[in-house]
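See structure below.
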Amino acid sequence: MKKRSARPSATRHHQRRFGERQISADDETPGVHADRPLQLAGRSDAADELADEVESNALVDNATAIYDVIRPYTRAILLGLAGALLAAVAWILVSSQQAALQSQGWDAYLAAVSSGDPAALNEVTTRHAGTPAADWSRLMLAEMSLEEGTQLLFADRDRALPRLQSAVDLYAGILSDKPQAILAERATFGIAKARESMGQLDEARQGYEALASDFPTSALAGMARQRSKALAGDSATEWYSWFAAQKMTPPVPPAAAAETGASETGADAAPAAPADGAVPPE
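Residue numbers (this note's numbering): 1166 to 1447.
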């Protein structure tokens, strides 16, 4: 009996094992089977580290390039920064000194006003020039001159007019510096009042009208409008003309009066008003 050959069976077995290996190899190869999704592996930690290192190197390269550009100017930049720092420090010191000087100026001003001494006010204007305390000291000096000059009009005209002119000059000096509102208001009103006392009625009216126009909400605006209206009438002109014609001289001392037998001389009493009943200005 003829024996069957075992070769075909061995061949089939070999083919089956080869096919399994081929399928296994295909499974390990991405994209072999169209019906299987392509599986891409994510970046590993090593890849992430490499990317970060590349970015860091790019930043370093950019910083190096910038430094290479500014390196020739490094000294100038450092000097500029140092100068700016010194300027800031100097500004702080100057501001502190100015604040201290202003405080000292106000203390001196208050002491001078309390004493009522013109010499003390003059010292404030000199030692603290350019400060608000100095400006207010000048205003106080002007108002003291105005008050003194107005009172002297009824006693000694020769002394009164220079004092009134001194007040005008002081007020004008304040206005020339373009001061803050309250100083400007009082200086404008003061110079108008001084000119009115000197008989310069047109200039006085202009000053009053300027105050009422420039500072309509000022506490002095209403009074300025009243004085401007009062000076516009003929009675004011007549009164000041009559008043200017009066001979105001200082009172004679009692001993001299006894020798001459005069009971009163000079301007011990205010002059009578004109017959038309005009009222002298305030």
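Cβ atoms here follow ideal geometry from the backbone N, Cα and C, with glycine treated the same way.
The alpha helix (DSSP H) enclosing R1370, as first and last residue numbers: In the sequence shown, residue 1370 corresponds to position 205, counting from 1. Its alpha helix (DSSP H) spans residues L1366 to D1379.
Assigned secondary structure, Q1345 (DSSP; H/G/I helix, E/B strand, else coil): Locating residue 1345 in the sequence shown gives position 180, counting from the first residue. Coil at Q1345, not helix or strand.
Three-state secondary structure (DSSP) of Q1411: Residue numbering aside, residue 1411 sits at position 246 when the sequence shown is read from its first letter. Correct three-state label for Q1411: coil.
Proximal residues to I1188 (C-beta, below 6 angstroms), its chain only, five neighbours per side dropped: In the sequence shown, counting from the first residue as 1, residue 1188 sits at position 23. Note on I1188: pLDDT 49, under 50, position unreliable in the model; the coordinate value appears next. The answer is none, since no qualifying residue turns up.
R1448 versus A1320, L1318 and Y1373, residue with shortest Cα-Cα distance: Only positions 1166 to 1447 of the chain appear in the structure, and residue 1448 is not among them; the question remains open.
Beta-carbon spacing of D1323, A1349 below 9 angstroms: Walking along the sequence shown from the start, residue 1323 turns up at place 158. Walking along the sequence shown from the start, residue 1349 turns up at place 184. Cβ distance not < 9 angstroms, so D1323 and A1349 don't count as in contact.
Pair within 9 angstroms by beta-carbon distance, S1331 and S1310: Residue mapping note: residue 1331 aligns to position 166 of the sequence shown, counting from 1. Residue mapping note: residue 1310 aligns to position 145 of the sequence shown, counting from 1. Their beta carbons are under 9 angstroms apart, which means S1331 touches S1310 by this criterion.
Where L1243 falls: helix, strand or coil (DSSP): Residue mapping note: residue 1243 aligns to position 78 of the sequence shown, counting from 1. L1243 falls in the helix class under three-state DSSP.
Where the alpha helix (DSSP H) through P1297 begins and ends: Taking the first residue of the sequence shown as 1, we reach residue 1297 at position 132. First-last of the alpha helix (DSSP H) with P1297: P1297 to L1317.
Proximity winner among F1408, I1231 and A1223, relative to D1451 (alpha-carbon distances): Missing from the structure shown is residue 1451; the chain here goes from 1166 to 1447 and no further.
Beta-carbon proximity check, L1286 vs A1277, cutoff 9 angstroms: Translated into positions along the sequence shown, residue 1286 becomes position 121. Translated into positions along the sequence shown, residue 1277 becomes position 112. Cβ distance < 9 angstroms, so L1286 and A1277 count as in contact.
Euclidean distance between Cα positions of P1283 and K1343: By one-based count along the sequence shown, residue 1283 stands at place 118. By one-based count along the sequence shown, residue 1343 stands at place 178. So the two alpha carbons sit approximately 23 angstroms from each other.
Closest residue to S1341 among D1300, R1328 and Q1371 (Cα-Cα distance): As a position in the sequence shown, residue 1341 is number 176, starting the count at 1. Closest by alpha carbon: D1300.
Residue span of the alpha helix (DSSP H) that contains G1387, given as start and end: Stepping through the sequence shown from its first residue, residue 1387 is reached at position 222. Unbroken alpha helix (DSSP H) run through G1387: A1386 to L1396.
Cβ-based burial, L1376 [other Cβ within 10 Å; buried from 16]: Here residue 1376 refers to the residue found at position 211 of the sequence shown. Its Cβ being crowded by 16 or more others within 10 Å, L1376 is buried.
Same chain only: Cβ atoms within 7 angstroms of W1271, ignoring 5 sequence neighbours per side: Within the sequence shown, numbered from 1, the residue matching residue 1271 stands at position 106. So the qualifying residues of the chain are A1298.
Whether I1339 touches A1352 by CB criterion (9 angstroms): Indexing the sequence shown from 1 puts residue 1339 at position 174. Indexing the sequence shown from 1 puts residue 1352 at position 187. Contact: yes.
Proximity of S1383 and A1346 at Cβ, strictly below 9 angstroms: In the sequence shown, counting from the first residue as 1, residue 1383 sits at position 218. In the sequence shown, counting from the first residue as 1, residue 1346 sits at position 181. It is a contact, given that the beta carbons lie within the stated cut-off.
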